[in-house]
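Taking it in order: structure first as structure tokens, then the write-up.
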Amino acid sequence: EAQVTQNPRYLITVTGKKLTVTCSQNMNHEYMSWYRQDPGLGLRQIYYSMNVEVTDKGDVPEGYKVSRKEKRNFPLILESPSPNQTSLYFCASRKTATTSEAFFGQGTRLTVV
Amino acid sequence: AQKVTQAQTEISVVEKEDVTLDCVYETRDTTYYLFWYKQPPSGELVFLIRRNSFDEQNEISGRYSWNFQKSTSSFNFTITASQVVDSAVYFCALRTGNQFYFGTGTSLTVIP
Numbered sequence: 103e104a105q106v107t108q109n110p111r112y113l114i115t116v117t118g119k120k121l122t123v124t125c126s127q128n129m130n131h132e133y134m135s136w137y138r139q140d141p142g143l144g145l146r147q148i149y150y151s152m153n154v155e156v157t158d159k160g161d162v163p164e165g166y167k168v169s170r171k172e173k174r175n176f177p178l179i180l181e182s183p184s185p186n187q188t189s190l191y192f193c194a195s196r197k198t199a200t201t202s203e204a205f206f207g208q209g210t211r212l213t214v215v
Numbered sequence: 332a333q334k335v336t337q338a339q340t341e342i343s344v345v346e347k348e349d350v351t352l353d354c355v356y357e358t359r360d361t362t363y364y365l366f367w368y369k370q371p372p373s374g375e376l377v378f379l380i381r382r383n384s385f386d387e388q389n390e391i392s393g394r395y396s397w398n399f400q401k402s403t404s405s406f407n408f409t410i411t412a413s414q415v416v417d418s419a420v421y422f423c424a425l426r427t428g429n430q431f432y433f434g435t436g437t438s439l440t441v442i443p
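Protein sequence lines correspond, in order, to chains A and B.
In terms of this note's numbering, the first sequence opens at residue 103 and continues consecutively.
In terms of this note's numbering, the second sequence opens at residue 332 and continues consecutively.
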């Protein structure tokens with residue numbers, strides 16, 4: 103089954119404690135991206151990757167890092183989480199940057215206290 | 332600049348009523364795609380429809396229909412005979428180039 107898998111689904115952490123949210127897709131997609139969803143703001147893109155070792159900032163990259171060492175994985179790293187990063191995070195993948203349909207993971211609800 | 336506006340923050344309807352969710356977009360690109368996604372209470376994002384900028388034909392899929400009008404830069408979504416299971420947040424999105432731009436979402440509650 104074609105899918106995008108995020109882990110964990112739920113996470114509560116403390117300010118400053120580094121964390122990683124994993125994202126993996128099994129569709130051999132080149133393009134992957136991370137979004138955060140906040141009330142009244144919709145989904146905003148954090149980072150995207152057009153292929154292995156190619157990443158770029160989205161609209162709200164501050165406080166986040168990503169890496170794309172393998173095609174299937176695109177982890178989101180919060181080196182020093184802060185309460186304003188409490189949000190619902192979605193990973194998405196597309197076959198290529200110009201393909202229109204995106205597949206989304208199930209979301210990770212992160213709370214930073 | 333690209334932008335998607337969903338002016339309706341929350342809508343409540345009684346079951347079996349029809350409801351239209353509005354979406355207005357801004358882009359200077361001539362080639363773009365428009366989407367609707369549903370986010371049920373469980374939180375995942377469910378793809379509903381994709382439209383490209385060259386195809387203004389309206390589409391109907393069961394109780395769902397979409398009205399794309401380039402003249403008004405709108406891509407509205409109508410649910411006919413709404414059901415409780417339609418209760419969700421609905422997002423309209425625009426893709427130009429490499430990026431997606433999402434609206435802020437419309438929360439629909441269908442009251443039994």
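Note that the Cβ used here is the ideal one computed from N, Cα and C, for glycine as well.
If you're wondering where the values come from, they're calculated on a predicted model, not measured in any experiment.
| query | result |
| --- | --- |
| 8 Å contact criterion, which N389 of chain B and N398 of chain B should meet: CB distance rounded | 5 Å |
| Short Cβ contact (8 Å threshold) for R211 of chain A with R111 of chain A | yes |
| Test item: CB-CB of G374 of chain B and G165 of chain A under 8 Å | no |
| Counterpart residues of Y363 of chain B in DSSP-defined beta bridges | Beta-bridge pairing links Y363 of chain B to no other residue. |
| For E346 of chain B and T336 of chain B, the rounded distance between their alpha carbons | 26 Å |
| Local Cβ density within 10 Å of P183 of chain A, reported as buried at 16 or more and exposed below that | buried |
| Chain B within 8 Å of L145 of chain A, Cβ atoms only | yes |
| Start-to-end residues for the beta strand (DSSP E) that takes in N109 of chain A | 106–109 |
| Beta-carbon separation (whole angstroms), V441 of chain B vs Q414 of chain B, contact threshold 8 Å | 6 Å |
| Stretch pair the region 185–193 of chain A + the region 129–144 of chain A: three plus CB contacts closer than 8 Å | yes |
| Contact residues within the region 409–442 of chain B, judged by C-beta distance below 7 Å to chain A | F422, R426, N429, Q430, F431, F433, G434, T435, G436 |
| Residue-level contact to chain E via CB, E348 of chain B, 8 Å cutoff | Considering every chain present, this structure includes no chain E. Its protein chains are A and B. |
| Rounded separation between P372 of chain B and V116 of chain A - CA only | 26 Å |
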